[in-house]
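For reference, the structure is listed below as structure tokens.
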Amino acid sequence: MSAALLAVDGLVKRFGGLVAVRDVSFTVNRGNIVGLIGINGAGKTTLMNCVNGIYRTDSGRVTFDGHDITRRTPHEIAAHGVGRTFQVPRTFHRLSLIDNLMIPVLGSDLSDAELTEQAEACLARVNLYDLRGNNGEELSGGQQKLLELARVMMFDPRLILLDEPFAGVNPSLCRIMIHEIEAMRAAGTTFLLVSHDLTSIYRLSNHLLVLNQGEIIAEGGVADVRDNPDVIEAYLGN
Ligand SMILES: Nc1ncnc2c1ncn2[C@@H]1O[C@H](COP(=O)(O)OP(=O)(O)OP(=O)(O)O)[C@@H](O)[C@H]1O
Ligand SMILES: [Mg+2]
């Protein structure tokens, strides 16, 4: 069994004349949290959208646990065991929080009672249990981020792509999220994590990738990346 759960090789994504992701290659090893950082517009969300099939890649290959998942549909990729959360939360406003969590497990063999119990447990883990009967539209922006995390917990994917999970979430709830991400990692889940919250991403990640104008300009451990002159220049300019 290869150490790499996810392998991205030579991935390219263009929007008209703009090359948003330019020949990107990296691997995410089993049980690791790989952090992906870069300034606004660097291509982080586009890269995630290519990995989970929302965008059709122009060239390159994405391999998950030995299966070529390039250009598969998001549904097929999720069925392989890849989950994700969204930078802009995809809350179903007219559904209760419990029903929001049922979406990824539609068609499950479990009974409604078992699924409800599981949804309640996931909501409790992110501090939303008391709001379980409320509609999605009643949540604040930060609470919707917590709901995104609870929803991806529901189907227990082997790889989770987290796009800006901490944005707009207050520090005490961020600590809860970090604790839950660490607990999932300890239970064997692998992550690709995008965040502008460098303190959190440095704490969580085993390995970092730095994307700039669609290209990986540095990768390695936190200390290597933090002090890399190309990274400092990309973030701060000359
Ligand atoms: N659907 C699209 N159509 C056209 N251009 C797009 C589309 N999605 C992204 N882009 C462009 O691709 C580039 C990368 O965008 P992307 O959203 O991946 O950046 P990001 O690193 O996630 O930024 P942020 O940190 O602000 O979330 C940007 O120039 C953006 O304008
Ligand atoms: Mg983004």
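Numbered according to the working numbering, the sequence shown spans residues 244 to 481. Positions of the beta carbon are idealized from the N, C-alpha and C atoms, including for glycine.
Beyond the five residues adjoining it in sequence on each side, Y372 comes within less than 8 Å, by CB distance, of E363, L366 in the same chain, given in chain order. Here DSSP, grouped into helix, strand and coil, assigns L349 to coil. In the structure shown, the three-state DSSP call for H310 is strand. Taking 7 Å as the cut-off, one finds at least one heavy atom of ligand 2 near enough to the beta carbon of T288. The C-beta of V331 has fewer than 16 other C-beta atoms within 10 Å across all chains shown, which makes the residue exposed.
DSSP lists V277 as the beta-bridge partner residues of H450. Ranking I282, L392, T270, V465 by CA distance to the CA of G457 puts I282 first.
V325 and I424 have their C-alpha atoms spaced approximately 15 Å apart.
Taking a contact to require three or more Cβ pairs closer than 8 Å, the region 382-394 and the region 338-349 qualify as touching. Put simply, the backbone Cα of T313 is about 8 Å away from that of G303. With contacts defined as CB atoms closer than 8 Å, I276 and L447 qualify as a contacting pair. Fully enclosed beta strand (DSSP E) runs of no fewer than 3 residues occupy 402-406, 433-437 of the region 389-449, in order along the chain. Taking non-hydrogen atoms of ligand 2 into account, the C-beta of D373 is found less than 7 Å away from none of them. At a cut-off of 7 Å, the beta-carbon of G303 does not count as near ligand 1: no heavy atom of the ligand is closer than that.
Shortest gap from the CB of Q387 to any heavy atom of ligand 2: 7 Å or more.
Of the heavy atoms belonging to ligand 1, at least one sits nearer than 7 Å to the Cβ of F258. In the three-state scheme derived from DSSP, where H, G and I count as helix and E and B as strand, V369 is classed as coil. For L454, the closest of D440, S245, V267 by C-alpha to C-alpha distance is V267.
Here R337 is exposed. Its C-beta has fewer than 16 other C-beta atoms within 10 Å. Proximity of the beta carbon of D355 to ligand 2 is not indicated: no heavy atom of the ligand is located closer than 7 Å. Set against 7 Å, the gap from the CB of N275 to the closest heavy atom of ligand 1 is not smaller. Contact between F409 and M420 holds: CB atoms are separated by about 7 Å, below the 8 Å threshold.
Taking a C-beta distance under 8 Å as the contact criterion, T316 and D406 do not qualify as a contact pair. Listed in chain order, the non-local C-beta contacts of I297 below 7 Å within the same chain comprise P317, local neighbours out to five positions each way being set aside.
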